[in-house]
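Trainee:
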Amino acid sequence: MATKAINNSKHLKKYEKEMNMCIRCAYCFEECPVIKETQWDTDGARGKIIMSYGLLTGELEPSQYIADKLFRCTFCRDCLDKCPSNINILEIISSARADLVKAGYASDTHKHVIKNIKDTGNIYGDTEVISQEREGKIPLFIGCQYLGRPNKTKKYIKILEKLGIDPVVENEMCCGYPMEVLGFREDFEKHKEKFQKSFPYKDAITLCPTCTVFLREGHQIDAKHVLQVMLEKLPKANLDMKVTYHDPCDFSRGLKIIEEPRKILEKLGVEIVEMKNNKENSRCCGGGGGILMTDQDLSGDIARKRIKEAIETGVDILVTSCPTCEQVLKKAAQEISEDEGKSISVRNIEDIIWRGLKKSAEIS
Ligand code: SF4
Ligand code: SF4
Numbered sequence: 064m065a066t067k068a069i070n071n072s073k074h075l076k077k078y079e080k081e082m083n084m085c086i087r088c089a090y091c092f093e094e095c096p097v098i099k100e101t102q103w104d105t106d107g108a109r110g111k112i113i114m115s116y117g118l119l120t121g122e123l124e125p126s127q128y129i130a131d132k133l134f135r136c137t138f139c140r141d142c143l144d145k146c147p148s149n150i151n152i153l154e155i156i157s158s159a160r161a162d163l164v165k166a167g168y169a170s171d172t173h174k175h176v177i178k179n180i181k182d183t184g185n186i187y188g189d190t191e192v193i194s195q196e197r198e199g200k201i202p203l204f205i206g207c208q209y210l211g212r213p214n215k216t217k218k219y220i221k222i223l224e225k226l227g228i229d230p231v232v233e234n235e236m237c238c239g240y241p242m243e244v245l246g247f248r249e250d251f252e253k254h255k256e257k258f259q260k261s262f263p264y265k266d267a268i269t270l271c272p273t274c275t276v277f278l279r280e281g282h283q284i285d286a287k288h289v290l291q292v293m294l295e296k297l298p299k300a301n302l303d304m305k306v307t308y309h310d311p312c313d314f315s316r317g318l319k320i321i322e323e324p325r326k327i328l329e330k331l332g333v334e335i336v337e338m339k340n341n342k343e344n345s346r347c348c349g350g351g352g353g354i355l356m357t358d359q360d361l362s363g364d365i366a367r368k369r370i371k372e373a374i375e376t377g378v379d380i381l382v383t384s385c386p387t388c389e390q391v392l393k394k395a396a397q398e399i400s401e402d403e404g405k406s407i408s409v410r411n412i413e414d415i416i417w418r419g420l421k422k423s424a425e426i427s
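Here our numbering runs 63 ahead of the position in the sequence shown, where the first position is 1.
(1) In chain order, which alpha helix (DSSP H) runs of at least 4 residues are fully inside the region 188-232?
(2) May I ask which residues mark the beginning and end of the beta strand (DSSP E) holding Asn179?
(3) For the alpha helix (DSSP H) containing Leu278, name the first residue and the last one.
(4) Go through the residues and name those whose CB comes closer than 5 Å to any heavy atom of ligand 1, in chain order.
(5) Are Arg346 and Glu372 closer than 8 Å when you measure CB to CB?
(6) Which residue comes first and which comes last in the alpha helix (DSSP H) that contains Thr357?
(7) Would Pro311 and Ser384 be called neighbours here (beta carbons separated by less than 8 Å)?
(8) Measure how close the beta-carbons of Gln195 and Lys217 come, nearest whole angstrom, since I'm counting them as under 8 Å.
(9) How long is the line joining the alpha carbons of Leu355 and Ile155, rounded to whole angstroms?
(10) Contact check, Cys88 vs Ala108 under 8 Å by CB: the rounded distance?
(11) Curious, which full-length beta strand (DSSP E) runs of at least 3 residues does the region 287-346 contain?
(12) Whole angstroms is fine: what's the gap from Arg279's alpha carbon to Val292's?
(13) May I ask whether a heavy atom of ligand 2 can be found less than 7 Å away from the beta carbon of Ile205?
(14) Measure from the alpha carbon of Leu163 to the alpha carbon of each residue in Cys85, Ile193 and Val244, then state which is nearest.
(15) In whole angstroms, what is the alpha-carbon distance linking Gly121 and Cys348?
(16) So, at 7 Å on beta carbons, what are the nonlocal neighbours of Thr172 in its own chain, with the 5 sequence-adjacent residues on each side left out?
(17) Let's see if you can read the secondary structure: which residues bound the alpha helix (DSSP H) around Leu381?
(18) Assign Lys421 to one of two classes, buried (16 or more other C-beta atoms within 10 Å of its C-beta) or exposed (fewer than that).
In structure tokens form, the structure reads like this:
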């Protein structure tokens, strides 16, 4: 039973000064995917900061209502770009989550995922989800989302081999990002040590945008996403396709990787028709920050909005470079096709790269 107030909170305390820097301008509301759906002030960054400050001072008691609000964020990073006070909004939200979890307000679904990581090293709680270990020269971090999709991982590894990049794959464990983002910070501190023993590298290449950000921020590893290392090595191809490209939030806003995927697609003979909101202004797919586990309706509403924007471009294919965006957008595209009869196919960029490599082999 959750009853403890989080006055003198351990995690939020660090951000007391920063929370006071909020000038209440509401620029953070402009493109927040959550507030656009719900229209509640408490669902935007400003509202979350006010509630977090209230929790810190004790003016607000922790409650299920406040926890639901603080966990309603996709971590899309849009508010970070909009905030004139440069407040580290995501650190404040994840600190408030950490204090709420400590006070007993973790959801059962989130607890389950964290237990899975602790028991098996992956988010699935499945001991058969294992890395395809391989000797090589450059450490490659696969990440849970790709570990659970072994065919896609094999394809990416084959692409790297064909491009002369020789990856080392270890028997890896989750980087711990879900622990951090869902507020299980004490679990993360213990996990961090285990993770760093199992993946003792200073540099690595990665398959997932979110793992790339977290290896850098959570483990101080100089991680590069595979698209960054393969751009120069890819041969030209003539796929003669027209697609639209969805920038994952952690890519375009988190890592500022905007041109590389576009240049890769162009090199392979793929024409890009941009959506209205693109590059650093890309709209969220609705799959981040844990809401996919606890608020699937909200996540689905956000994803369907993005698919509608993609359909407006008039192309038949949407390409993305994140396994979570791919999964969420595929589901939304299917729903729109069933409900409205408008369709678009969602593909991950590695499928297009693979087709391009096969085509260039045919040509040469
Ligand atoms: S990170 Fe995205 S979803 Fe979360 S408060 Fe900011 S704009 Fe809204
Ligand atoms: S944009 Fe920044 S300063 Fe303005 S209300 Fe939002 S969090 Fe506060």
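Even for Gly, the Cβ is constructed at its ideal location relative to N, Cα and C.
For clarity, every value in this text was computed on a predicted model and none was experimentally measured.
Mentor: The structure says:
(1) 207-210 and 213-225
(2) Position 116 of the sequence shown, counting from 1, holds the residue named residue 179. No beta strand (DSSP E) contains Asn179, which is instead part of the alpha helix (DSSP H) from Asp171 to Thr183.
(3) Along the sequence shown, read from residue 1 onward, the residue named residue 278 stands at position 215. Start and end: Pro272 to His282.
(4) Cys95, Val97, Ala108, Cys136, Thr137, Cys139, Asp141 and Cys142
(5) Numbered from 1 along the sequence shown, position 283 holds the residue referred to as residue 346. Numbered from 1 along the sequence shown, position 309 holds the residue referred to as residue 372. Between Arg346 and Glu372, the CB-CB gap stays under 8 Å.
(6) What you label residue 357 is simply residue 294 of the sequence shown in a count that begins at 1. Ile354 to Thr357 is the span of the alpha helix (DSSP H), which, as asked, contains Thr357.
(7) What you label residue 311 is simply residue 248 of the sequence shown in a count that begins at 1. What you label residue 384 is simply residue 321 of the sequence shown in a count that begins at 1. Yes; because the gap between Cβ atoms is below 8 Å, this pair is in contact.
(8) As a working note, residue 195 is residue 132 in the sequence shown. As a working note, residue 217 is residue 154 in the sequence shown. About 7 Å separates the two Cβ atoms, so the contact holds.
(9) Working through the sequence shown from its first residue, we reach residue 355 at position 292. Working through the sequence shown from its first residue, we reach residue 155 at position 92. Spanning the two alpha carbons is a distance of roughly 21 Å.
(10) The residue you call residue 88 lines up with position 25 of the sequence shown. The residue you call residue 108 lines up with position 45 of the sequence shown. Not a contact, Cβ separation roughly 11 Å.
(11) List check, beta strand (DSSP E) in window: 304-309 and 333-335.
(12) Here residue 279 corresponds to residue number 216 of the sequence shown, with the count starting at 1. Here residue 292 corresponds to residue number 229 of the sequence shown, with the count starting at 1. Roughly 16 Å separates the two Cα atoms.
(13) For the purposes of this step, residue 205 is identified with residue 142 of the sequence shown, where counting begins at 1. Answer for Ile205: no, Cβ out of range of ligand 2.
(14) Indexing the sequence shown from 1 puts residue 163 at position 100. Among Cys85, Ile193 and Val244, the Cα nearest to that of Leu163 is on Val244.
(15) Here the question's residue 121 lines up with position 58 in the sequence shown. Here the question's residue 348 lines up with position 285 in the sequence shown. Their backbone Cα atoms lie some 35 Å apart in a straight line.
(16) As a first step, residue 172 is located in the sequence shown; it is residue number 109 there, counting from the start. Residues of the same chain with a CB within less than 7 Å of the CB of Thr172, apart from the 5 flanking positions on each side, are Met356 and Thr357 in chain order.
(17) On the sequence shown, residue 381 is found 318 positions in, with the first residue counted as 1. Segment Ile380 to Thr383 is the beta strand (DSSP E) holding Leu381; no alpha helix (DSSP H) there.
(18) Residue 421 sits at position 358 when you count from the first residue of the sequence shown. Label assigned to Lys421: exposed.
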